[in-house]
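In the working numbering, the protein residues as written are 9 to 179.
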């Protein structure tokens with residue numbers, strides 16, 4: 009199971025290569041044209057229930073304001089990531105006890121192989137969506153700047169799709 013969780017798809021490798029700059033630009037600071045407006049998350053009604061709709065950033069990426077274990081954090085939705093990926097600093101902000109983490113898993117990224125630690129997030133929320141027991145990997149800060157919301161979260165939804173230019177998440 010740990011080996012399976014440690015294997016990230018090509019999307020994570022690409023994201024890990026560009027995320028230090030991307031996360032600095034998008035996760036920590038709003039883009040110039042986005043400074044006056046909040047993160048683009050809004051509840052949306054669907055035939056199958058309530059969901060969340062994310063509008064793309066100026067660069068075409070889907071970012072959202074997530075609540076992880078009761079704490080707010082911006083994240084990039086990445087369907088190419090096998091699991092939620094969090095850097096060490098973000099893990100600390102989310103209340104994860106990083107001193108007891110075991111960085112035994114080896115993860116291949118575009119920046120090379122890094123050691124990562126498997127954790128299970130009690131709850132990941134965005135808007136009206138709440139998902140319990142989400143697998144995640146904690147990576148060194150030098151490998152990832154922020155948080156990627158990967159398939160370990162998305163697979164627990166009833167659906168996700170891009171339609172009309174927005175990413176629609178439904179639980």
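Just so it is clear, CB atoms sit at the ideal spot from N, CA and C, and this is done for glycine as well.
Worksheet item: Is residue 96 near residue 146, with beta carbons less than 7 Å apart?
Response: Within the chain shown, the letter at position 88 stands for residue 96. Within the chain shown, the letter at position 138 stands for residue 146. Against a cut-off of 7 Å, the Cβ pair of residue 146 and residue 96 comes out as a contact.
Worksheet item: Along the chain, where does the alpha helix (DSSP H) that runs through residue 65 open and close?
Response: Taking the chain shown and counting its residues from 1, one reaches residue 65 at position 57. Careful: residue 65 lies outside any alpha helix (DSSP H) and carries neither H nor E.
Discussion item. So, under 8 Å CB-CB, residue 157 and residue 85 are touching, yes? Tell me the CB distance rounded to an integer number of Å.
Written reply: For the purposes of this step, residue 157 is taken as residue 149 along the chain shown, with counting starting at 1. For the purposes of this step, residue 85 is taken as residue 77 along the chain shown, with counting starting at 1. That pair is a contact at about 5 Å.
Item to complete: Let me know the secondary structure DSSP gives residue 162 once reduced to three states.
Response: Position 154 of the chain shown holds residue 162. Three-state DSSP puts residue 162 in a helix.
Worksheet item: Considering only the beta carbon of each residue, do residue 160 and residue 179 sit closer than 7 Å?
Response: The residue labelled residue 160 in the question sits at position 152 within the chain shown. The residue labelled residue 179 in the question sits at position 171 within the chain shown. Taking 7 Å as the Cβ cut-off, residue 160 and residue 179 do not qualify as a contacting pair.
Worksheet entry | Unbroken alpha helix (DSSP H) run spanning residue 112, endpoints | Indexing the chain shown from 1 puts residue 112 at position 104. Run containing residue 112: none; DSSP gives neither H nor E here.
Practice prompt. Please classify residue 151: does DSSP put it in a helix, a strand, or coil?
Written response: Indexing the chain shown from 1 puts residue 151 at position 143. Looking at residue 151 - three-state DSSP - the assignment turns out to be coil, as it is neither helix nor strand.
Item to complete: Report the option in 105, 175, 65 and 126 whose CA atom is closest to the CA atom of residue 115.
Response: Taking the chain shown and counting its residues from 1, the one referred to as residue 115 is at position 107. Among 105, 175, 65 and 126, the Cα nearest to that of residue 115 belongs to 126.
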